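Here the structure is laid out as structure tokens; the discussion comes afterwards.
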Amino acid sequence: MNSKLRTALIAAVPAAAIAYVAIAKSTAPAAAADAPVIQRSSELIAPGRVEPTHDPVALAFETTGRIVDIAVDDGDAVTAGQVVARLDDRMAKARVASATAAVDAATARYAMARRGARSEDLAAARAEADAAAADAEHRSVEQARSSQLGSTGALASSAVDADVTAARVAHANADAAAARYRALANGTRVEQVQEAAAEVASAKADLDQANVALDQTVLRAPGNGVVLRRMAEVGAFVTTMSPLTVVTVADVGKLELRAELDEADVARVTVDLPAYATADAYGDRKFPLHVTRITRELGRKTVRDDDPRAKIDTRVLEVVARFDQPAELPLGLRMTIHVGD
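Counting along the sequence shown from 1, when you hit position 140 you're at 137 in my numbering, and nothing is skipped either side.
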């Protein structure tokens, strides 16, 4: 290459560069003007899990004993008050029978105290008092005769002393019999009636306690729901030191979705806002719901989805939405909530 051609090429390169920059500047505004403006969608999407409106209840016995029957299993529907399991109740039933008998006895004593003596009892007491008085009179006559014989030496002094003592005993027995008759005739004292009434109240309290102990051998469902899990078997011994959960029950008739909303979107959600939920298992089906509660504290994300692009270290706010219609969804199902347009 000769020197003239090299000089021409070196001079052409800066000129071409200057021309390219000029063309780029002239076309850049037009390209920017023609580019579309990307706007943020008004629909909020967040992952969540299906939960019952009220937390599941763990059912356990309130007393110690051995389980003799469990009447339900996983997935069974239960109604309020339905018997779920039973403990051995033989001792509890025996205590109830004993307490019932004690109430009957105390009630009888109270009735006797209030009613007082029967006419037959009064007649018998009167007869005993008359007999005791007659015996005392006879002993007095014997004592007088013995004293007279003793004064003349016709009777030993020991015999005289014996008759004197017998007369005193007879008079004492007569006084006692007369006192018993008067007591029966006057009726029961107020204090005795009150004491009998207190015994009845105490016996009834013991019976109530025995009935409560018997009732504690039966485990019942607190409300309508479904058995989520059976966690015990027949023959297991339960204690109150570490209560054994027999079954867990939840009301699945009213479900809600607990979703985790990114903190950047918390200002866009309000209570009663309509929404719908979707799940991979149900395809394109939409489950209508509405926002019922919004928590007041941001926390760490706990519901993870399968999207590898999803942030796992973001802070989220829990939003609870209730399904508008009953939905037979499994608890814990991962769903996606769509809020807004």
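A virtual CB, placed ideally from N, CA and C, is assigned to each residue, including glycine.
Note that the coordinates shown come from a computational prediction; the quantities given were computed from them, not determined experimentally.
Whole-angstrom distance between residue j and residue i, CA atom to CA atom
| i | j | result |
| --- | --- | --- |
| Leu286 | Gln322 | 8 Å |
| Arg87 | Leu254 | 46 Å |
| Glu139 | Ala153 | 14 Å |
| Asp212 | Asp262 | 52 Å |
| Ala19 | Phe284 | Bear in mind that the predicted position of Ala19 carries a pLDDT of just 44, short of 50, making it too unreliable to give a figure here. |
| Thr76 | Val336 | 35 Å |
| Asp132 | Gly150 | 27 Å |
| Ala99 | Asp73 | 42 Å |
| Arg290 | Arg282 | 24 Å |
| Gly78 | Val187 | 46 Å |
| Leu41 | Ala324 | 22 Å |
| Val69 | Arg265 | 45 Å |
| Arg165 | Asp158 | 11 Å |
| Thr292 | Ile334 | 16 Å |
Proximity below 9 Å, CB of residue i to CB of residue j
| i | j | result |
| --- | --- | --- |
| Ala43 | Glu257 | yes |
| Ala233 | Arg63 | yes |
| Val54 | Leu216 | no |
| Arg83 | Asp66 | yes |
| Ala193 | Arg106 | yes |
| Ala174 | Ala128 | yes |
Nearest-angstrom beta carbon gap, residue j and residue i [assumed within contact, 8 Å]
| i | j | result |
| --- | --- | --- |
| Thr61 | Thr267 | Going by Cβ atoms, the distance from Thr61 to Thr267 rounds to 51 Å, so no, they are not a contact pair. |
| Val341 | Gly296 | What the structure shows of the chain is the stretch from -2 to 338, and residue 341 is not part of that stretch, so it cannot be assessed. |
| Ala276 | Leu330 | 6 Å |
| Ala171 | Ala130 | 5 Å |
| Leu252 | Val47 | 6 Å |
| Ala103 | Ala200 | 4 Å |
| Ala110 | Val197 | Not confirmed; about 10 Å, so no contact. |
| Ala202 | Ala89 | Not quite, the Cβ-Cβ distance comes to about 17 Å (not below 8 Å), so this is no contact. |
| Val249 | Pro49 | 6 Å |
Interface flag, residue i vs chain D, CB-CB below 9 Å
| i | result |
| --- | --- |
| Pro44 | Judged by its chain identifiers, the structure shown contains no chain D, having just a single protein chain. |
| query | So does the segment 220 to 233 actually touch the segment 244 to 254, counting three or more Cβ pairs closer than 8 Å? | reply | Yes, the segment 220 to 233 is in contact with the segment 244 to 254.
| field | beta strand (DSSP E) segments (min. 3 residues) lying fully within the segment 212 to 251 | value | Fully enclosed beta strand (DSSP E) runs of no fewer than 3 residues occupy 215 to 217, 222 to 227, 242 to 247 of the segment 212 to 251, in order along the chain.
| said: So within the segment 276 to 304, which uninterrupted beta strand (DSSP E) runs reach at least 3 residues, ignoring any that extend past its ends? | reply: 284 to 291, all fully within the segment 276 to 304.
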